[in-house]
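2 protein chains.
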Amino acid sequence: MNILIIGGGGVVGQKLARRLAERGELRGQTISSMVLADIADPPQPEAPFPVASASCDISDAAAVAGLIDESTDVIYLLAAVVSAHAESDFDIGMRVNLHGVLNVLERCRALQSAPVLVFTSSLAVFGGDVPDPIEDWTIPNPQTSYGAQKAIGELLVNDYSRRGFIDGRAFRLPTISVRPGKPNLAASSFMSSIIREPLNGQEAVCPVDLDFPHYYLSPRRCVENLILGAEIDGDAMGSSRSMMMPGRTWTIGQMIDAMTAVAGPDPAKLIRFEEQPEINAIVKGWKYDLNPAKALSLGLKADDSFEDNVRYYIKDDLPGA
Amino acid sequence: MNILIIGGGGVVGQKLARRLAERGELRGQTISSMVLADIADPPQPEAPFPVASASCDISDAAAVAGLIDESTDVIYLLAAVVSAHAESDFDIGMRVNLHGVLNVLERCRALQSAPVLVFTSSLAVFGGDVPDPIEDWTIPNPQTSYGAQKAIGELLVNDYSRRGFIDGRAFRLPTISVRPGKPNLAASSFMSSIIREPLNGQEAVCPVDLDFPHYYLSPRRCVENLILGAEIDGDAMGSSRSMMMPGRTWTIGQMIDAMTAVAGPDPAKLIRFEEQPEINAIVKGWKYDLNPAKALSLGLKADDSFEDNVRYYIKDDLPGA
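Going down the list, the protein sequences come from chains A and B.
Under the UniProt record's numbering, the first sequence has 57 at position 57, and the numbering climbs by one with no breaks.
Under the UniProt record's numbering, the second sequence has 209 at position 209, and the numbering climbs by one with no breaks.
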């Protein structure tokens, strides 16, 4: 079992690599090697099998060809130019999120093997005037270039799977919280930082009201779902290889209450509420009423409580913990 | 008003060109020129304005750049590698239906102007396990490469429109019947030939039962819808520029009865029923229960009766009529 993680340097890619190293097996087979590829050489976890890292820009077809060969059994395609970046720089979004994905798929098509390919799409494929709740048969109607590029990736993964070039599966990830690391330029950045920074003893700004609802998944649960996502039987997915990854809808108030239940009353005092109209304008268009029936029926899971998300952050990621 | 019809040599492209020549105006403006582009130089209709033809393979970006400039006001993008061809030859489908569409869109993006672009998608974007009826918010879940490529085209037209690179609109065409010309390799070929050949005094084979239902539109009504499709206000389309073009569901029995009502009892005697399992396997997966509410609300129309479709064929296309 040879595994390739494209986007292996990111938050999810690194956690996935560490978890696979712990498990030592995937799809019932002992892992013999793992390659982590990213724009810059990713750090390599300790593992009972050889781990290599590679720097690769997936918009370069020749570089992609060097990553994937007949011995590659499972590919995680996590690499993407994120939402705000693909919106501010249309070219780079198209280059990586569309042509880069095509390069990976075309490389797989050129092989005799049909590797398992796990593609991370996003709930950003949904938007605009569609009825609630979002069901498995709701149209992806993206309102960002990132969402459009991810929806195109899903269609490609489906068609390349139907034709037997890959054994693909695409999961639309909820917003990951509590995401470790630093705040970034994503409009969703505050959805982790209002928990993460206070737990780290730092101030955080919340630009929306306490009753703002959104759909979340912990990084730990996301990784478990990505592992199961590689293991489920392709035929069990029916006429589409794309599905929502289950999450849970929480309000800001519920998230803060969960942090207080786990870590006491002090962290919440570090949150300052300061409305930011430009952030509100973006995040209030996001869908939060979703019914991921298909993924649940295949065994993928949401978090049990947001308290768990807080506990996972403290255990897995709190600096110095 | 300068118009470009890419795919101007096809059945719909030729009828559209002739109708625009008759009208002499589009979007309230006098037409000053029209270019018909296709793989081979298309025939040019008589018109009160200059008409040029051009041979162009849209998978060649330089050739596309030669077709479109700042003076191009309206582009009809009808060219495509059809369903059976895109299924038997994956490369040519991707090259024309995906990269060719991208070439047209990228050329528009490079301009200062944002031309109106009317893209013909197909009801073949729908398929698989989705509930009936198909609504405007039903997921395109294509089960052919052609359908996948058309669904990708829709997403691109939407995003390029949202960003102001074009003023796009995408219409998912029903099966066109009665289509003039010769039978072809499409699985839907019999849906026109069982009417066309008997009206021409020739035998036709019907591979499905009398009660087989499908969703149809006459070429004449399709052209009227494509003209209105260029004229409707982009903002009126809301959060998606893609919609079903209205059609009507008829059974084979209803279609034959309509032919008999219009042309007497003799043509129907020329139809031979001969089950073809491989055709059945394809067409029985096609959706026929559709609710094109959005297009209807914008003024697009279906045919009033299949008798009209038969009359249009006799008037517009019957050889020697």
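Quick reminder that beta carbons are idealized off the backbone N, C-alpha and C, glycines included.
For residue i, three-class secondary structure by DSSP
i             : result
S305/A        : coil
I3/A          : strand
A61/B         : helix
S71/B         : coil
P219/A        : helix
R172/B        : strand
R272/A        : strand
D159/A        : helix
F90/B         : helix
D235/B        : helix
P213/B        : strand
A148/B        : helix
S188/B        : coil
D316/B        : helix
E22/B         : helix
I134/B        : strand
L36/B         : strand
S297/B        : helix
V178/A        : coil
residue 327/A : The question about residue 327/A has no answer here: the residues shown for chain A are numbered 1 through 321.
V11/B         : helix
L78/B         : coil
A47/A         : coil
S193/B        : helix
C-beta atoms of residue i and residue j nearer than 8 Å
i      : j      : result
F67/A  : A114/A : Checking the displayed sequence, the identity of residue 67/A turns out to be Leu instead of Phe. For L67/A and A114/A, no; Cβs fall outside 8 Å.
I3/A   : L78/A  : no
N141/B : G127/B : yes
G234/A : S161/A : yes
A52/A  : V35/A  : yes
V157/A : G147/A : no
C108/B : F165/B : yes
P246/A : L300/A : yes
S188/B : V178/B : no
T251/A : L210/A : yes
N309/A : Y216/A : yes
K294/A : D136/A : yes
V74/A  : V96/A  : no
I271/A : I256/A : yes
P48/B  : N291/B : no
V11/A  : G181/A : yes
P265/B : P198/B : no
R23/B  : M1/B   : no
F90/A  : R311/B : no
V116/A : A230/A : yes
V64/B  : V104/B : yes
S298/A : I195/A : Looking at the sequence shown, residue 298/A is not Ser but Leu. No, they are not a contact pair.
L155/A : Y76/A  : no
Cβ-Cβ separation, residue j to residue i (assumed contact under 8 Å), whole Å
i      : j      : result
A86/A  : V125/A : Not confirmed; about 13 Å, so no contact.
A50/A  : S71/A  : A quick correction: the sequence has Pro, not Ala, at residue 50/A. At roughly 13 Å, the Cβ-Cβ gap does not stay under 8 Å, so P50/A and S71/A are not in contact.
P42/B  : A21/B  : Wrong, their Cβ atoms sit about 13 Å apart, outside the cutoff.
R248/B : A302/B : 5 Å
S242/B : S121/B : 7 Å
I227/A : R18/A  : I227/A to R18/A, Cβ: 12 Å. No contact.
S59/B  : H99/B  : 6 Å
G8/B   : A40/B  : With a Cβ gap of about 11 Å, G8/B and A40/B do not count as contacting.
A258/B : S305/B : 7 Å
Proximal chain B residues relative to residue i, where beta-carbon distance stays under 9 Å
i      : result
G320/A : Simply none; closest approach about 44 Å.
Neighbouring residues, chain A, relative to residue i (Cβ below 8 Å)
i      : result
Q143/B : R162, S239
V118/B : Near V118/B there are no residues of chain A at all, since even the closest Cβ is about 19 Å away, more than 8 Å.
F190/B : Those within 8 Å of F190/B in chain A number zero; the least Cβ separation is about 25 Å.
F171/B : Those within 8 Å of F171/B in chain A number zero; the least Cβ separation is about 15 Å.
G127/B : S239
F273/B : Result: empty, since nearest Cβ-Cβ is about 30 Å, beyond 8 Å.
Neighbour list for residue i in chain B, Cβ cutoff strictly below 7 Å
i             : result
T138/A        : W137, I139
residue 324/A : Only positions 1 to 321 of chain A appear in the structure, and residue 324/A is not among them; the question remains open.
A151/A        : L155
A306/A        : As written in the sequence, residue 306/A is Phe, which differs from the Ala given in the question. What F306/A touches in chain B: nothing, since even the nearest Cβ is about 29 Å away.
Partner residues on chain B for residue i, Cβ-Cβ distance less than 8 Å
i      : result
P131/A : W137
F49/A  : Under the 8 Å cutoff, chain B gives no residues; its nearest Cβ is about 35 Å from F49/A.
Proximal residues of chain A, C-beta to C-beta of residue i below 7 Å
i      : result
F212/B : Within chain A, no residue comes near F212/B; the closest Cβ sits about 21 Å away, beyond 7 Å.
Cβ-heavy atom distance, residue i to the ligand SAM, below 7 Å
i      : result
G234/B : This structure does not include the ligand SAM; it has no bound ligands of any sort.
What are the uninterrupted segments assigned as alpha helix (DSSP H) that are 4 or more residues long and contained completely in the region 243-267 of chain B, given in chain order? 252-263
In chain order, which continuous runs of the alpha helix (DSSP H) of length 4 or greater are located wholly inside the region 89-128 of chain B? For the region 89-128 of chain B, whole alpha helix (DSSP H) runs of length 4 or above, ordered along the chain, are 90-93, 101-109.
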